[in-house]
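Asks: The structure follows.
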Amino acid sequence: MLALHTPDGRPAPLPLAPDTALGWRVLAEDTRWCLGWWSVTDVERRRHHPCPGQRPAENGYACAQCADRDEVRPQHDSHRSGRMGAGLRRYLAQPHWLYVATFADGTTKIGTASDTSRHHRLVEQGALHARYVARTRDGLVVRVLEDAVSAALGLPQAVRSAAKASALAAFPSPGRLTAADGQGGVLEADGGLAGVNAQAADRVRSVLGDVAVDGFAVADRCWERPPAFEQFLAGLPAPVYPLDPAAGEHGVRVLAVLGPTLLAAVPPAGERFLIDLARLRGRRLQLGGYSAALPARQPTLFEAPGL
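All the letters of the sequence shown, read from the start, carry residue numbers 1 to 307 under the working numbering.
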């Protein structure tokens with residue numbers, strides 16, 4: 001699902017079902033627009049408010065006024081600042097999970113998810129393997145643990161969407177994988193990505209025992225990726241889309257989606273590419289029957305004339 005809104009803030013979600021035609025033209029290519037702000041009602045409900053001035057974004061994806069009003073953004077620093085409204089306080093009061101997620105090139109991150117969104121969060125992230133390593137009493141304790149693990153093991157708390165697409169384009173054989181462990185060493189696993197994730201999770205659990213905070217229990221629970229991810233992986237290999245999806249005109253046929261990455265075929269030849277949909281965030285699009293002008297593809301060594 002592509003989460004679109006009209007300029008006045010009305011939701012206009014666009015399903016990305018397989019074999020769907022998707023065409024768009026980017027308006028005002030040099031401008032990224034404010035996405036508005038969110039209020040938190042309770043544990044499961046949030047309300048989106050469009051930017052009242054329809055202003056360009058100033059920092060990230062919001063103008064200064066909307067960034068100041070947003071009730072969700074403070075959650076990431078709430079364990080340090082103590083800044084939170086009543087709605088966010090209720091949201092953070094629910095149990096949370098600390099997870100270890102591994103992506104297609106073996107990059108592994110530490111992250112957090114609420115009890116109600118723990119599965120969907122990893123779907124959004126586009127992880128290929130993940131484990132929940134701790135359950136906490138609330139969203140404050142889990143962020144203390146997250147910071148402690150990052151400091152001890154060097155695991156990042158975020159992975160860029162462009163890096164995820166590039167990793168899928170170079171997706172290795174699952175038989176063997178070597179990946180950096182964040183401390184200058186390597187983790188090797190004959191089980192491939194699943195083994196990398198399992199070893200990273202073991203190291204995280206060993207660190208958690210030394211964190212001086214109450215309100216959590218160490219866990220060892222595997223996350224099961226959705227069947228749709230298998231369809232995506234079956235469509236590989238595919239290179240990264242050679243055009244910037246946030247500029248110009250594009251027309252593709254949807255094949256599958258994995259996190260923020262779209263696997264699509266480009267007419268008329270049907271070449272498959274991986275498109276970073278996060279590039280469209282904050283852009284104004286006009287949907288329609290547009291087409292992509294792909295650059296001429298360079299022949300590979302085995303395709304070169306005379307060889």
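Backbone N, C-alpha and C fix where the C-beta goes; we use that ideal spot for every residue, glycine too.
Using a 10 Å radius around the Cβ and a threshold of 16 neighbouring Cβ atoms, would you call residue 59 buried or exposed?
Replies: Burial call: exposed.
Asks: On the CB-based measure, 16 or more other CB atoms within 10 Å of its CB, does residue 228 come out buried or exposed?
Replies: exposed
Asks: Among residues of its own chain, excluding the 5 on either side of residue 232, which ones have a beta-carbon nearer than 6 Å to its beta-carbon?
Replies: Sequence-distant Cβ neighbours of residue 232 in its own chain, meaning closer than 6 Å and more than five residues away, are 256, 258 and 263.
Asks: In the DSSP assignment, what are the bridge partners of residue 168?
Replies: In the DSSP output, where bridge partners are listed per residue, residue 168 has none listed.
Asks: Could you tell me if residue 118 is buried or exposed, where buried requires 16 or more neighbouring beta carbons within 10 angstroms of its beta carbon?
Replies: Burial call: buried.
Asks: Determine the direct distance from the alpha carbon of residue 133 to that of residue 4, and round the result to whole angstroms.
Replies: 34 Å
Asks: Would you identify the three-state DSSP class for residue 176, choosing helix, strand or coil?
Replies: Confidence at residue 176 is low in this model, with a pLDDT of 46, below 50, so the placement of that residue should be treated as unreliable; the coordinate-derived value is given next. Coil, per DSSP.
Asks: Quick check on the DSSP output: the alpha helix (DSSP H) that includes residue 284 runs from which residue to which?
Replies: Not the alpha helix (DSSP H): residue 284 falls in the beta strand (DSSP E), residues 284–287.
Asks: DSSP on residue 273, reduced to helix/strand/coil?
Replies: strand
Asks: Can you round the beta-carbon distance between residue 18 and residue 252 to whole angstroms, since I take them to be within the 8 Å contact cut?
Replies: So it is not a contact: roughly 12 Å between Cβ atoms.
Asks: Can you give me the Cβ contacts of residue 277 inside the same chain, cut-off strictly under 6 Å, excluding the 5 residues immediately before and after it?
Replies: 260 and 262
Asks: Using DSSP with H/G/I as helix, E/B as strand and the rest coil, what is residue 56?
Replies: strand
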